[in-house]
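Notes for the one structure printed next.
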Amino acid sequence: MSSDNAAVVPDLDTATKDFAEAVVESPEYREYIRTAELFEKDQDAQSLFQAFQNAQQQLSAQQQWGAGSTEEIQRVRDLEQQVQENATLTEHFKAQTELVDTLKELNTVIGDELGFDYATLAMPPRSCCSSGCG
Amino acid sequence: MNDTLRTAAVGFATALKQQDRVQSYLTAQELFENDEKIAALRREYGELVQAYHSKQAAGELQDEDLQQVKSMQKDLNQHPITTDYVTSRNSLVEELRAHNQQMGALLGFDFAATTGSSSCG
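Chains as they are written, first to last, in the numbering used here: chain V, 14 to 147; chain R, 48 to 168.
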């Protein structure tokens, strides 16, 4: 490598810090944090979401055994409807989706440059992120 | 995605690409994917496995069929190009995971786990 190239390419630590900084200062990340803070402060939204998740898990467990009444299915649907109508929750989910989409795009940019998928190789073994980040 | 983000991502990838383990992996990957001998071995192995499954479905499987598959699998796995590729990939994975942890400490979340296609379920 020539000394000219060495001057152009930053060292990995610096490039990593620059990248992380750009992510946390991005509009998508800021919006995610803003909506996460609103969610943290909104007790009603938290209770509603918790109730929805519990009902969904309960129904899913019952359905695995062939159980699950019409009333229980209706209760999950009602709660889902309430979640979809809750501004705090919908804003937070939207922000989360947009952030994850941006992060995926970034991973594609990184992968195009590297010649392999960074996230696939770098992710911890058996990791799941079904609920997004944060 | 804004230009600042894109530029930072390219800068990060460029710096990462300079690392020895990345270079070793890319060289080994290139050889593994393009070497004619290894490509022929992989093709032959694929055909053998396919034939094995067909015989299995037809109820015509014999002991020597399994031995043939195992033998070919051994040839493929022990080929120096394959071992180089696997070793360099494992070494790269180890470095990338450690690096992803460092990045996670800066970001406050796991970039790779959030971004990558998970193997859940």
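From the three backbone atoms N, C-alpha and C, an ideal C-beta is built for every residue, glycine too.
Take residue i as the anchor and find which of the options has the nearest alpha-carbon.
| i | options | result |
| --- | --- | --- |
| Leu134 of chain V | R:Leu154, R:Val116, R:Glu142 | R:Glu142 |
| Ala100 of chain V | V:Leu51, V:Gly79, V:Arg88, V:Gln63 | V:Leu51 |
| Thr161 of chain R | V:Ile123, V:Gly124, V:Asp125, V:Ala132 | V:Ala132 |
Would you mind sorting residue i into buried or exposed? The rule is 16 or more other CB atoms within 10 Å of its CB.
| i | result |
| --- | --- |
| Asn137 of chain R | exposed |
| Leu127 of chain V | buried |
| Ser135 of chain R | buried |
| Gly151 of chain R | buried |
| Val36 of chain V | buried |
| Val133 of chain R | exposed |
| Val157 of chain R | Residue identity check: residue 157 of chain R is Asp in the sequence provided, not Val. The residue is buried, with at least 16 neighbouring Cβ atoms inside 10 Å. |
| Asn124 of chain R | exposed |
| Gln109 of chain V | buried |
| Gly168 of chain R | Because Gly168 of chain R carries a pLDDT of 36, less than 50, the predicted location of this residue cannot be relied on, and the following value inherits that uncertainty. When all chains shown are included, Gly168 of chain R counts as exposed. |
| Glu98 of chain V | exposed |
| Val122 of chain V | buried |
| Gly106 of chain R | exposed |
Determine the chain V residues that contact residue i at a beta-carbon separation under 8 Å, and present them in chain order.
| i | result |
| --- | --- |
| Leu139 of chain R | Leu134 |
What does residue i reach in chain V if we use C-beta pairs closer than 9 Å?
| i | result |
| --- | --- |
| Thr51 of chain R | Ala35, Glu38, Ser39 |
| Val133 of chain R | Those within 9 Å of Val133 of chain R in chain V number zero; the least Cβ separation is about 13 Å. |
Give me the chain R residues within the contact set of residue i, using Cβ-Cβ distance strictly less than 8 Å, ordered along the chain.
| i | result |
| --- | --- |
| Ile86 of chain V | By Cβ distance, chain R contributes nothing, its closest Cβ being about 23 Å from Ile86 of chain V, past 8 Å. |
Tell me whether the beta-carbon of residue i lies closer than 9 Å to the beta-carbon of residue j.
| i | j | result |
| --- | --- | --- |
| Leu92 of chain V | Phe65 of chain V | yes |
| Tyr92 of chain R | Asp112 of chain R | no |
Next on the checklist: What are the residues in the segment 39-54 of chain V lying within 7 Å of chain R by C-beta distance?
Outcome noted: Ser39
Checklist entry - When you check each C-beta in the segment 62-93 of chain R against every C-beta of chain V, which residues fall closer than 8 Å? => result Ala62, Leu63, Lys64, Gln65, Gln66, Val69, Tyr72, Leu73, Gln76
Checklist entry - Going along the segment 107-122 of chain V in order, which residues come within less than 7 Å of chain R, judged by CB to CB distance? => result Val113, Thr115, Leu116, Lys117, Glu118, Leu119, Asn120, Val122
Checklist entry - Residues in the segment 154-165 of chain R with C-beta within 9 Å of chain V's C-beta atoms, listed in sequence order? => result Leu154, Gly155, Phe156, Asp157, Phe158, Ala159, Ala160, Thr161, Thr162, Gly163, Ser164, Ser165
Checklist entry - Closer than 7 Å, Cβ to any Cβ of chain R: which residues of the segment 21-32 of chain V, in chain order? => result Val22, Pro23, Asp24, Leu25, Ala28, Thr29, Lys30, Asp31, Phe32
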